[in-house]
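Heads up: the structure comes next, in structure tokens.
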Amino acid sequence: NRQVRLARRPRGAPVPDDFRIVDGPVPVPNDGELLLRNLYLSLDPYMRGRMNDSHGSYASPYALPFALDAPPGGGTVARVMRSRLDSFAEGDLVVTPDAGWQTFAISDGTGLRRLPNDMAQPSQALGVLGMTGFTAWWGLTAIGRPQAGETLVVSAAAGAVGSVVGQIGRLLGCRVIGIAGGTDKCRQVVEELGFDACLDYRVPDLAGRLREAAPDGIDIYFENVGGAVREAVWPLLNNDARVPVCGLVSGYNGVTEEAGGIHALLMSLIVKRIRLQGFMNADHLDSFPDFERQMRGWLDAGQLRALETIVDGLDQAATAFVGLFEGHNTGKLVVRLSE
Ligand code: NDP
């Protein structure tokens with residue numbers, strides 16, 4: 006059993022030396038347990054927070070620290086290799102919440118979701134048809150409440166969540182402006198995903214370019230990034246704007262770019278009647294079947310494209326994870342461990 010273990014807690018941006026590879030025996034399931042073989046591992050920005058040794062001011066499972074010298078948890082698509090649990094059979098394909106950065110895992114079945122055994126692209130169960138797709142769908146529809154003709158801005162637009170947010174926004178009739186790092190990503194977002202525009206935040210004067218791209222102001226800002234990007238967006242929010250606060254990835258390495266005062270930000274909520282609401286996908290799983298139905302419909306009809314970056318081999322997990330904070334991925338970042 007090959008594992009990528011957390012060797013030490015990253016300081017600032019993660020580096021490959023924060024991890025090490027360890028080979029050991031394949032674990033043996035007890036009564037009431039399954040042996041799983043991980044096929045695909047999801048790598049997600051929230052994992053960075055869990056690599057710290059405390060949850061700071063917000064204690065929640067989202068931030069519960071990963072143990073040192075153990076493989077970090079993480080969602081996977083896995084095959085049941087041995088079953089000593091009545092509810093699963095050998096050969097079943099499942100999504101796990103936390104089987105993590107390793108080839109094999111033991112599970113007591115908690116939190117497993119069954120997939121069709123012959124699913125054509127199982128990795129999509131971690132992305133567009135899984136947690137990141139669901140996050141995009143729920144945050145945009147339940148908090149963003151888009152109306153046709155409105156202007157939607159989404160940050161980290163070429164990423165797993167952002168790429169789906171923007172496409173759903175288009176399907177619901179919004180004018181969609183993405184913000185992403187680099188001209189290639191921006192071109193892809195416009196040409197392949199059909200966004201109306203995409204701005205590279207690394208080029209100077211994001212605020213000015215955004216003002217030109219959104220002459221009628223911004224009705225919905227889907228927040229994935231925070232920091233300097235949010236500061237450029239904020240003054241352009243219209244009255245009654247909605248801001249689903251999904252993530253603040255620019256601050257996950259402990260370096261925040263927040264400059265604008267919190268007082269001014271909160272004051273603008275009042276003056277413009279802005280609705281700012283944070284959310285956690287895990288609280289809304291009741292809606293998962295509705296999401297799945299609608300998302301499958303869009304995918305099958307060719308109305309929505311699933312962007313993925315698939316990296317081969319568990320040995321590449323650490324480098325790929327580091328790349329999440331340098332923008333190396335487009336769409337959902339997944340590690341393929343085995344077919
Ligand atoms: P992505 O696929 O979007 O990958 C992260 C991307 O963030 C990178 O590719 C990079 O793109 C961008 N990025 C990284 N660092 C910075 C920075 N300093 N400034 C600006 N952009 C940066 O990840 P996800 O789609 O999985 O996650 C997007 C956000 O959604 C995250 O904040 C995450 O925590 C949040 N999230 C929240 C959930 C919830 O339930 N609330 C659930 C799932 C995700 P670029 O090249 O454009 O810089």
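Here UniProt numbering is used: the first residue of the sequence shown is 6, the next is one more, and so on.
All residues carry an ideal CB built from backbone N, CA and C; glycine is no exception.
Under a 10 Å Cβ-count criterion, Glu313 is classified as buried, with 16 or more other Cβ atoms of the shown protein chains found around its own Cβ. With a cutoff of 9 Å on beta-carbon distance, Ala237 and Ala212 are scored as near each other. Straight-line spacing of the CA atoms in His289 and Trp143 works out to 8 Å.
Of all alpha-carbon atoms in Val181, Arg214, Ala165, Leu177, the one lying nearest the alpha-carbon of Asn229 is that of Ala165. When DSSP states are grouped into helix, strand and coil, Asp224 belongs to the strand group. Beyond the five residues adjoining it in sequence on each side, Asp58 comes within less than 7 Å, by CB distance, of Arg14, Pro70 in the same chain, given in chain order. Separation of Asp103 and Gly78 (C-alpha to C-alpha, rounded to the nearest whole angstrom) is 5 Å. From the listed residues Pro294, Val100, Gly132, Leu309, the smallest Cα separation to Thr115 is found for Val100.
Taking 8 Å as the cut-off, one finds at least one heavy atom of the ligand NDP near enough to the beta carbon of Asn286.
Distances from the CA of Gly328 to each of Gly259, Pro19, Leu11 were compared; the closest alpha carbon is that of Pro19. Taken through DSSP and simplified to helix, strand or coil, Val85 comes out as strand.
Within the DSSP secondary-structure output, Glu196 pairs in no beta bridge. Of all alpha-carbon atoms in Gly186, Val9, Ile182, the one lying nearest the alpha-carbon of Cys203 is that of Ile182. In the displayed model, Pro240 falls within a helix according to three-state DSSP. For Tyr45, the secondary structure class from DSSP, reduced to helix, strand or coil, is strand.
Taking 9 Å as the cut-off, the Cβ atoms of Leu157 and Arg192 do not count as close. Here DSSP, grouped into helix, strand and coil, assigns Ile267 to helix.
In terms of side-chain proximity, the C-beta atom of Thr146 is found no nearer than 8 Å to any non-hydrogen atom of the ligand NDP. By the beta-carbon neighbour count (other beta carbons within 10 angstroms, threshold 16), Ala163 is buried. Within the same chain, and ignoring the five residues on either side of Asn122 in sequence, the residues whose Cβ sits closer than 8 Å to its Cβ are Gly96, Asp97, Leu98.
According to DSSP, Gly336 shares a beta bridge with Gly164. Rounded to whole angstroms, the gap between the alpha carbons of Met300 and Leu134 is 7 Å. Excluding five sequence positions before and after Thr335, the CB atoms of its chain that fall closer than 7 Å to its own CB belong to Ala163, Lys190, Gln193, Leu312, Thr314, given in chain order.
Taking C-beta separations shorter than 7 Å and ignoring five residues to either side along the sequence, the partners of Met136 in its chain run Gly80, Asn286, following chain order. Around Gln172, the same chain offers Leu198, Leu309 as residues with beta carbons nearer than 6 Å, after the five sequence neighbours per side are excluded. Beyond the five residues adjoining it in sequence on each side, Leu281 comes within less than 7 Å, by CB distance, of Val248, Val250, Leu274 in the same chain, given in chain order. The beta-bridge partner set that DSSP reports for Gly183 consists of Val159, Cys203.
A distance below 9 Å separates the beta carbons of Gly178 and Ala153. Thr101 sits in a strand when the DSSP states are folded into three classes. DSSP places Thr314 in no alpha helix (DSSP H) but in the uninterrupted beta strand (DSSP E) bounded by 313 to 317. Excluding the 5 residues flanking it on each side, Leu90 has same chain C-beta neighbours closer than 6 Å at Gly37, Leu39, Gly114, in chain order. Shown here, Ile111 sits in a strand according to DSSP, grouped into three states.
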